[in-house]
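Enquirer: The opening position of the sequence shown corresponds to residue 83 in full-length UniProt numbering, with each subsequent residue numbered one higher.
The structure under discussion is supplied below as structure tokens; questions concerning it will follow.
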Amino acid sequence: SRIKEVQFVKSSARAKDCPRDDRPEFAVLGRSNVGKSSLINSLVRKKEIALTSKKPGKTQLINHFLVNKSWYLVDLPGYGFAKAPEASKTDWSSFTKGYFLNRSTLVAVLLLIDASVPPQKIDLDCANWLGRNNIPITFVFTKCDKMKVAKGKRPDENIRDFQELIRQHYKQHPPWIMTSSVTGLGRDELLLHMSQLRNY
Ligand code: GTP
Ligand code: MG
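Here's what the structure looks like:
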């Protein structure tokens, strides 16, 4: 599961503009600011191959990164950005839903969940939508390094609460991994997990 090489391939505004070859791919999805672009950088050990920002709404297109010339990591725009103009919210759902429903090479969605906050309805809705459409997911909990959370619970407690809610909708709990782009927690585990999924 070692990464030897990664190349940025292209940004696409629509699902039908995405690369057309049969290489397997993993989509990185989650709320704005959850750490999607940071996770990609951490996985491939490049500081800014995927652009990140403290402000939500940084990634606006579907970005394909080719790993070891054999599979793709796909950075997507985040959902649930409260300050986004109404028009761009509609855009999000039509163009990313189009991507999920038509992308035959999609192996699994890495659904990123911020472990430093309590369960969010929009994340549960997203997981349920993917489940209803039979799209395989792996929960990737991000920001597990954040031990000091304002008036709240620790990451492991938030994760437990989230999983409790997921069990009400999924007969079989999807795989899940705890990560931090700051400490590298979960990096090797996630790479191994993806290599196993590619070989099924
Ligand atoms: P959009 O492209 O806007 O949807 O955001 P994104 O999900 O790609 O988030 P991004 O990777 O740009 O990170 C958002 C902010 O969270 C940045 O300030 C990151 O430094 C921070 N961040 C990301 N991952 C972690 C993490 O594991 N731990 C901590 N402490 N901060 C993180
Ligand atoms: Mg991003």
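Ideal Cβ positions, reconstructed from N, Cα and C, are used throughout, including at glycine.
Assign S83 to one of two classes, buried (16 or more other C-beta atoms within 10 Å of its C-beta) or exposed (fewer than that).
Expert: So S83 ends up on the exposed side.
Enquirer: Is it right to say P200 is buried, meaning 16 or more other beta carbons lie within 10 angstroms of its own, or is it exposed?
Expert: Exposed, because fewer than 16 other Cβ atoms sit within 10 Å of the Cβ of P200.
Enquirer: For C208, is the beta carbon positioned less than 8 Å from some heavy atom of the ligand GTP?
Expert: For the ligand GTP, not one heavy atom lies less than 8 Å from the Cβ of C208.
Enquirer: One question on the structure: do L206 and F244 come within less than 9 Å of each other, judged by their Cβ atoms?
Expert: Taking 9 Å as the Cβ cut-off, L206 and F244 qualify as a contacting pair.
Enquirer: Can you list, in chain order, the residues of its chain with a C-beta nearer than 6 Å to that of L111? Leave out the 5 residues immediately preceding and following it.
Expert: Once the five neighbours on either side are set aside, the close Cβ partners of L111 are L158, V191 and L193.
Enquirer: Could you please give the first and the last residue of the uninterrupted alpha helix (DSSP H) stretch that includes L143?
Expert: Taken as a continuous stretch (DSSP letters only), L143 belongs to no alpha helix (DSSP H), as it is neither H nor E.
Enquirer: Which partner residues does Q89 have in the DSSP bridge list?
Expert: DSSP lists L148 as partners of Q89.
Enquirer: Does the segment 255-272 come into contact with the segment 210-228, if we say contact requires no fewer than three beta-carbon pairs (one atom in each stretch) closer than 8 Å?
Expert: Yes, since at least three Cβ pairs between the segment 255-272 and the segment 210-228 fall closer than 8 Å, the two stretches touch.
Enquirer: Assuming L90 contacts F182 (C-beta within less than 8 Å), just tell me the rounded distance between them.
Expert: Per the sequence presented here, residue 90 reads as Phe, with Leu not at that position. 22 Å between Cβ atoms; not a contact.
Enquirer: Using three-state DSSP, classify E130 as helix, strand or coil.
Expert: Correct three-state label for E130: coil.
Enquirer: Kindly indicate which residue of L279, L274 and R105 has the alpha-carbon position closest to the one of S186.
Expert: It is R105.
Enquirer: Closest to P237 by CA distance: which of P101, I195 and V149 is it?
Expert: Of the candidates P101, I195 and V149, the one whose C-alpha sits nearest the C-alpha of P237 is I195.
Enquirer: Which same chain residues, not among the five before or five after S124, have their C-beta less than 7 Å away from its C-beta?
Expert: For S124, where only same-chain residues beyond five positions count, the Cβ hits under 7 Å are S263, G266 and R269.
Enquirer: For the ligand MG, I want to know if L133 counts as a neighbour, meaning its beta carbon is within less than 8 Å of at least one of the ligand's heavy atoms.
Expert: Indeed, a heavy atom of the ligand MG lies less than 8 Å from the Cβ.
Enquirer: Please identify the residue among A97, L143 and W153 whose C-alpha is closest to the C-alpha of K86.
Expert: Answer by Cα proximity: W153.
Enquirer: When you compare only the Cα positions, how much space is there between V126 and Y252?
Expert: Their backbone Cα atoms lie some 31 Å apart in a straight line.
Enquirer: If the criterion is Cβ atoms closer than 9 Å, does the pair A132 and S120 meet it?
Expert: The answer is yes: Cβ separation under 9 Å.
Enquirer: Can you check DSSP and say which residues form a bridge with W153?
Expert: DSSP output for W153 lists V149 as bridge partner(s).
Enquirer: Please classify I204 as buried or exposed, where buried requires at least 16 other C-beta atoms within 10 Å of its C-beta.
Expert: I204 comes out exposed.
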